[in-house]
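Following the UniProt record's numbering, the numbering of the sequence shown begins with 1 at its first residue and continues without gaps.
Written out below as structure tokens is the structure these notes cover.
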Amino acid sequence: MELIKAINIKKSFGERELLGGVSFDIRDGEKIGLVGWNGSGKTTLVKLLTGELEPDGGTFTKRSSSLRIGYLPQSTDYDLSTLENEKGKTLLETASQLGLEKIREWEDSRLGSLSGGERLKLALAGVWAENPGLLILDEPTNHLDLKGLNWLIQSIKNSPQAALIISHDRHFLDVTVSKIFELEDGKLTVYDGNYTDYRAEKKRRHEQQVKEFHKQQQRVELINEQVAQLKRWSEKSHREAGKGRSPSENRQTGFKEYGRVQAKKKDAQIKSKLKRLNHELSKENIEKPKDELSIRFDFEAAGNRGKRILEARGLGKSFAERILFEKSHFYIKHGERIALLGSNGAGKTTFIKMLLGELSASKGSLWKSDSVRIAYLSQDVGDLPGDRTVLDFMGMESLEQRTKARTLFANMGMKEEKLSNPFSALSLGERTRVKLVHLIMQEYDMLVLDEPTNHLDLPSREQMEETLASYSGTLLIVSHDRYFVERLCDKLLVIENNRIQRIEMGLREYEERQFAQARPDNRNREEELALLDTKIAELLGKISMLTPESHDYANVDKELNKLIQQKQSLI
């Protein structure tokens, strides 16, 4: 049964039309993902649904005037009074399930200093406590930890309410929704299935439209050729009919009249064919398929400058009495794609700062090749100079550089006029794109990417994946985007139990292994394997510093092979 039906909804801001007559319906219990490029009108549509904005045209029909809509915006603001409404008990119970077990003990001062993840959890609890008929969730996974994310996924899947979800988390959309609304160029297109199904069907429809458009163009070209031939014949007949001949010739053949008749026939055929073509196009006109915007990230690695570009030997870092990690042995080779994993506060940012030379080790050492050049893309876009324009910041000198940069900006959906704006006038997504282009214009051996997909819409994320997949240098990635990590990284550095450990597998396989380790019968074996991994890593670091002629090389090599055999017997 329909909860809401939208018919021919229109909305413009000035001369810019965001919604050009969209129609859709939302039914009981449906879970729908709303996707589209940044600026395509997703937030505007949500504001129309919640009544914050009025449409310029069209109508919304609700099943009931009392239909309650629970809306979770991206920014949330809660204080102690939020917990004291008539739904306070439900809110507290939900907040506890999300990981805010101590919320009952907090005062306003504590609530005022909540982290982004804590504010989001409290906001989610507030939305659920209202028991709405329709949930509208705008980027609900931002800042959520694993416990909160799993709770949200299960709650949405088990909830009887309908839900409209805006999210850049493709894994989240895949496991929660069964329909996709896509906004593009003011139009809304409906796709059945989850996000992966939507991408496959969109590709199929695009390919079919390309095929049908080419077939139509061939038909148009054929008729145009026939019309051109008829015009040539008609013109010839008119010329022949106008030629002067002797009276006897005209009497014998009636040539002029014959020529005029033939010319008129050709003119009639031309009109008939053009009329038929126009009728066909008006009836079944297939528009030229829009080329999918391609964002080309032309990263260039400067070549293989040695197998190992980084190695940690007994690496440790602490602040006062707090130990982040210690006794860590691992390495990174040229061309490897590694995800850096760890809970909040485990030391990921600290390790990155050590890698960049901003912090020194408390114990051990972190060796880097002298020739390696490392680029860092932080998740903070607030460090860009607010008063400088994009073009001024880029500092492009040659025409070739300017042309390349402008092409990249255009492919990323940034209009030409934006390049002359100061950073203070740009959105977070636009600032992220500028940082990406600035990075693209350099040549590096290793890229350290900290939440690189933040503020990027889904098409931009996917194109970035495609480009990084062909990047020949080394990648070290911190990201909550599972799709991004699973596609690009086949190795991990995991910070856990005060150690940084290199894992020779991807994220999915690692999580499956962790799940298996949690079973009681596996714990002793897995503890022994973890100890062996640490010892092996330590010996690998030691042997890499020895030559085969060295006195200690044979002993270390023998011990290393022994440990490897022990590990194989346990796997």
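We put the CB at the ideal spot given by N, CA and C, even for glycine.
**Item:** Span separating the alpha-carbon of residue 101 from that of residue 148
**Value:** Since pLDDT at residue 101 reaches only 48, below the 50 mark, its modelled position is unreliable, and the value read off the structure follows with that caveat. Distance between the alpha carbons of residue 101 and residue 148 is about 12 Å.
**Message:** Which residue marks the beginning of the beta strand (DSSP E) containing residue 425, and which one marks its end?
**Reply:** Segment: none, residue 425 is in no beta strand (DSSP E) and carries neither H nor E.
**Message:** My assumption, with CB atoms under 8 Å, is that residue 132 sits in contact with residue 27. Please give the rounded CB distance.
**Reply:** Going by Cβ atoms, the distance from residue 132 to residue 27 rounds to 15 Å, so no, they are not a contact pair.
**Asked** What are the boundary residues of the alpha helix (DSSP H) that includes residue 463?
**Response** 458-469
**Asked** Under three-state DSSP, which class holds residue 505?
**Response** coil
**residue 420 vs residue 391 beta-carbon contact at 8 Å** = yes
**Prompt:** Taking the alpha-carbon positions, what's the residue 229 to residue 223 distance?
**Reply:** 10 Å
**Request:** From the DSSP output, in three-state form, read off residue 104 for me.
**Result:** Summary for residue 104: the model assigns pLDDT 49, below 50, so the residue's position carries little reliability; its value from the coordinates is reported in the next sentence. In this structure, residue 104 counts as helix in the three-state DSSP scheme.
**Message:** If contacts are defined as beta-carbon pairs under 8 Å, then residue 72 and residue 183 qualify, I think. What distance do you get, rounded to the angstrom?
**Reply:** No, residue 72 and residue 183 are not in contact; Cβ-Cβ is about 19 Å, not under 8 Å.
**Prompt:** From residue 369 to residue 335, what distance separates their C-alpha atoms?
**Reply:** 14 Å
**Request:** Run the CB neighbour count on residue 160, radius 10 Å, all protein chains shown included, and call it buried at 16 or more, exposed below.
**Result:** exposed
**Message:** Using C-beta distances below 6 Å, list every residue in its chain close to residue 346, excluding the 5 sequence neighbours before and after it, in chain order.
**Reply:** 495
**Prompt:** What three-state label does DSSP hand residue 192 in the structure shown?
**Reply:** strand
**Message:** Pairs of beta-carbons, one from the stretch 351-363 and one from the stretch 433-442, closer than 8 Å: are there three or more?
**Reply:** no
**Request:** Just the C-alpha distance for residue 441 and residue 383, rounded to the nearest angstrom, thanks.
**Result:** 19 Å
**Asked** Within this structure, are the beta carbons of residue 188 and residue 35 separated by less than 8 Å?
**Response** no
**Request:** Leaving aside the five residues before and after residue 328 along the sequence, list all residues of the same chain whose C-beta is less than 6 Å from its C-beta, in chain order.
**Result:** 312, 315, 499, 500
**Per DSSP, cross-strand counterpart(s) of residue 197** = Beta-bridge pairing links residue 197 to no other residue.
**Element boundaries [beta strand (DSSP E), containing residue 61]** = 57-62
**Request:** For residue 173, write down the residues that DSSP places opposite it in a beta bridge.
**Result:** Beta-bridge pairing links residue 173 to no other residue.
**Message:** Within the continuous beta strand (DSSP E) that includes residue 446, where are the two ends?
**Reply:** 446-450
**Request:** May I ask which residues mark the beginning and end of the alpha helix (DSSP H) holding residue 555?
**Result:** 553-570
**Item:** 8 Å CB neighbourhood of residue 558 in its chain, flanking five on each side removed
**Value:** none
**Request:** Determine the burial state of residue 531: buried for a count of at least 16 other Cβ atoms within 10 Å of its Cβ, exposed for fewer.
**Result:** exposed
**Request:** In angstroms with no decimal places, state the Cα-to-Cα distance between residue 338 and residue 462.
**Result:** 18 Å
**Request:** Report the three-state DSSP secondary structure of residue 656 (helix, strand or coil).
**Result:** Only positions 1 to 571 of the chain appear in the structure, and residue 656 is not among them; the question remains open.
**Prompt:** With a Cβ-Cβ cutoff of 8 Å, do residue 510 and residue 492 count as a contact?
**Reply:** yes
**Request:** Could you check the C-alpha separation between residue 456 and residue 4 for me, to the nearest Å?
**Result:** 30 Å
**Message:** Quick check on the burial criterion: 16 or more other C-beta atoms within 10 angstroms. Buried or exposed for residue 171?
**Reply:** buried
**Asked** For the beta strand (DSSP E) that contains residue 35, what are its first and last residues?
**Response** 31-35
**CB contact flag (residue 165, residue 152, <8 Å)** = no
**Item:** residue 68, DSSP secondary structure in three states
**Value:** coil
**Item:** residue 392 - containing beta strand (DSSP E), residue span
**Value:** Where residue 392 is concerned, there is no enclosing beta strand (DSSP E), although the alpha helix (DSSP H) it sits in stretches over 390-394.
**Prompt:** Measuring CA to CA, which of 552, 551, 527, 543 is closest to residue 570?
**Reply:** 527
**Asked** Out of 53, 340, 129, 417, which has the shortest C-alpha to C-alpha gap to residue 12?
**Response** 53
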